[in-house]
Structure formats: C-alpha cells, structure tokens
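Numbering (the working numbering), first residue to last: -9 to 166. For glycine and all other residues, C-beta sits at the position ideal for the given N, C-alpha and C.
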C-alpha cells in the first residue's frame, strides 16, 4: 500500500509539474536576435588554398513554428527569390562607416535552411540557427585582405513573413 501511495504521489507531482508549464506566446511573425559570430581559417585539401569559414548564430522565436523549408517545398527553382528563407547583407568598414559590399553575391547574400519542426507541428518554437559561410581566398579577393566586416541577417517563414533585421558584431576576414 505504501509503495502504491508513493507511485501515486510521484505521478501527481509529475502531473503537477507538467500542468505548470505554459506554452510561450510568440507572435506568428518570426523574431530574431544576434547570438554569435566566429571565424576559422582552414586549408582546402583539394586546392591547398585558405578558406575563411564564418559562422553566424541567431536566436529565433516563432509563434506557429513554420520556419524552414524542405527540399520539396515550392518553389524548387533556386533562381526564384521565394526559394530562399535566409538573407544576408555584407558590409565592409570604410573609415568610421560600414557600407554595403559592392558585389552583394561576393560574400553570400541568401540561403535556405531546413524545416525546424517535425511532421508540420504547429506551435511556438525557439532556438538558435547557425549558418556557416565559406569564403575561399580566391584572386581577386571580393574585399581587401584583413577587412573588417559585419552582416545584416533576416529570415522568412513559410507564410512569407519576414523577421526583423539583426546586425552582427564585426569580424576580420582574409587575414592570411
């Protein structure tokens, strides 16, 4: 009887803990916050040339969990703007100002991340999205060596809602 009482008491405590948890109430438009930026320089095994790999981390919240795209989500043609859901604008420091890099594709300006929920589950989600961008040391470099750059990042959900725009910290690339 005592054992049954302890099992029942444990079950009631567990039920009490789960009923205390409230789902967060996030807006259905995604919200992002800058989390981190880092860089490593690696040697490409094929070309033996250097490559800077920049990783940008953003924290996200979304009320209905419709972030990310599967390979079969339309459009499947990467020449269409709606194919992408991750947008980056690169800026280079010139004096005291940061100006957009002349060739926006030089430092990667868009991408696509996979669905963040399984089985189309609707509901609030939050987490961190990390994106790696590779910048090979090709001649000519898209920006001068030892450039100080930063990025603006924005994401889009499957309902085509655009998040706010966040600005990363600065980082040096092509430092040789």
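Kindly indicate the opening and closing residues of the beta strand (DSSP E) around residue i.
{"i": "residue 46", "result": "40 to 52"}
{"i": "residue 90", "result": "87 to 90"}
{"i": "residue 83", "result": "76 to 84"}
{"i": "residue 29", "result": "21 to 33"}
{"i": "residue 142", "result": "137 to 145"}
What does DSSP give as the partner residue(s) for residue i in the beta ladder?
{"i": "residue 121", "result": "46"}
{"i": "residue 126", "result": "41"}
{"i": "residue 101", "result": "76"}
{"i": "residue 108", "result": "In the DSSP output, where bridge partners are listed per residue, residue 108 has none listed."}
{"i": "residue 162", "result": "138"}
{"i": "residue 116", "result": "51"}
{"i": "residue 57", "result": "147"}
{"i": "residue 152", "result": "146"}
{"i": "residue 157", "result": "142"}
For residue i versus residue j, is the C-beta distance shorter than 8 Å?
{"i": "residue 78", "j": "residue 89", "result": "no"}
{"i": "residue 135", "j": "residue 103", "result": "no"}
{"i": "residue 133", "j": "residue 91", "result": "yes"}
{"i": "residue 111", "j": "residue 55", "result": "yes"}
{"i": "residue 27", "j": "residue 121", "result": "no"}
Review point. Are the stretch 58 to 66 and the stretch 129 to 136 touching by the rule of at least three beta carbon pairs closer than 8 Å?
Key: no
Point to revise | Cβ contact check for the stretch 63 to 78 and the stretch 139 to 147: 3 or more pairs under 8 Å | key: yes
Review point. Using 8 Å as the threshold, is the stretch 108 to 117 in touch with the stretch 25 to 40, meaning 3 or more CB pairs across them?
Key: no
**Study point:** At least 3 beta-carbon pairs within less than 8 Å: the stretch 19 to 34 vs the stretch 61 to 72
**Key:** no
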